[in-house]
Amino acid sequence: GAAVAEGQGAEGAGREARRAVAQQSVQQIDAKKAGDLYAQVPEFVKAQIKKNTFVKGIDDERAKLGSITARQWAGIDRVMHAPGNNQPPVSCVNVRFVALRQNDLAGSERVSLCLEQQQWRAVGYIAAPQPTAPAKQQP
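Everything in the sequence shown is counted per my numbering, starting at 5 for the first residue and increasing by one.
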């Protein structure tokens, strides 16, 4: 019975660890420190994308949302990533946030994390601005 209980505890701790890494990652992105994120991405990511391309991509994504005053954690989705080149599949997750500006919805954010050497590492970031309602025509 101990192994089962320990496994469940590890899953809960794992979820908290992923949330913490994702939260830290979006704070780095807010501070325009995507270069720091790149320094710790897994080697398979570095093999696919150069640092300046990674940093510009993340900065461009983050700019879509403008200023954010708060974030709410929205969920975690598991994904398996197959890096190719006969590399084994990598365990990854997408951590989703709702981004708020004052009390209005600014949009959503997704931080992709992959497990490497027992550490969750940010490998990507996607921002989706909230569509703005069309302005009402005055009669």
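All C-beta atoms, glycine included, are put in the ideal place defined by N, C-alpha and C. A quick note: this is a predicted structure, and the numbers were derived from the prediction, not measured.
(request) Determine the contact status of Leu119 and Cys96, defining contact as a CB-CB distance below 9 Å. (result) The count along the sequence shown starts at 1 and reaches residue 119 at position 115. The count along the sequence shown starts at 1 and reaches residue 96 at position 92. Contact: yes.
(message) Given a cut-off of 9 Å on the beta-carbon distance, is the pair Trp124 and Phe101 in contact?
(response) Position 120 of the sequence shown holds residue 124. Position 97 of the sequence shown holds residue 101. No, Cβ-Cβ distance for Trp124 and Phe101 is not below 9 Å.
(message) Looking only at its chain, what residues have a beta carbon closer than 6 Å to the beta carbon of Gly79, apart from the 5 residues adjacent to it on each side?
(response) As a working note, residue 79 is residue 75 in the sequence shown. These residues qualify, in order along the chain: Arg100.
(request) For Thr57, count neighbouring Cβ atoms within 10 angstroms of its own Cβ and tell me buried if that reaches 16, exposed if not. (result) In the sequence shown, counting from the first residue as 1, residue 57 sits at position 53. By the C-beta density criterion, Thr57 is exposed, having fewer than 16 other C-beta atoms within 10 angstroms.
(message) Can you give me the C-alpha to C-alpha distance between Tyr129 and Ile62, rounded to a whole angstrom?
(response) Walking along the sequence shown from the start, residue 129 turns up at place 125. Walking along the sequence shown from the start, residue 62 turns up at place 58. Cα to Cα, the separation comes out at about 6 Å.
(message) Here's the rule I'm using: 16 or more other beta-carbon atoms within 10 Å means buried, otherwise exposed. How should Val115 be labelled?
(response) Start at 1 with the first residue of the sequence shown, and residue 115 comes out as number 111. It is buried - the Cβ of Val115 has at least 16 other Cβ atoms within 10 Å.
(request) Count the other CB atoms, across all protein chains shown, that sit within 10 Å of the CB of Ser29; report buried if there are 16 or more and exposed otherwise. (result) Position 25 of the sequence shown holds residue 29. Buried is the call here.
(request) Taking only runs that begin and end inside the stretch 29–96, name each unbroken alpha helix (DSSP H) of 4 or more residues, in chain order. (result) Counting whole runs of 4 or more residues, the stretch 29–96 contains the alpha helix (DSSP H) stretches 38–43, 47–52 and 55–67.
(message) Less than 7 Å between C-beta atoms, sequence neighbours within five positions excluded: which residues of the same chain meet that for Leu117?
(response) Position 113 of the sequence shown, counted from the start, is the residue given in the question as residue 117. If we look at Leu117 and ignore the five residues flanking it on each side, its Cβ neighbours are Arg22, Val25, Ala26, Cys96, Val97, Val99, Trp124, Arg125, Ala126 and Val127.
(message) Measuring straight from C-alpha to C-alpha, what distance separates Leu41 and Ala51?
(response) The residue you call residue 41 lines up with position 37 of the sequence shown. The residue you call residue 51 lines up with position 47 of the sequence shown. Looking at the two C-alpha atoms, the distance is approximately 15 Å.
(request) For Ala131, count neighbouring Cβ atoms within 10 angstroms of its own Cβ and tell me buried if that reaches 16, exposed if not. (result) As a working note, residue 131 is residue 127 in the sequence shown. Buried, by the Cβ-count rule.
(message) Mapping the DSSP letters down to three states, classify Gln27 as helix, strand or coil.
(response) Within the sequence shown, the letter at position 23 stands for residue 27. Three-state result, Gln27: helix.
(message) So Arg19 and Ile72 are supposed to be a Cβ contact under 8 Å. How far apart are they, rounded?
(response) The residue labelled residue 19 in the question sits at position 15 within the sequence shown. The residue labelled residue 72 in the question sits at position 68 within the sequence shown. No, Arg19 and Ile72 are not in contact; Cβ-Cβ is about 23 Å, not under 8 Å.
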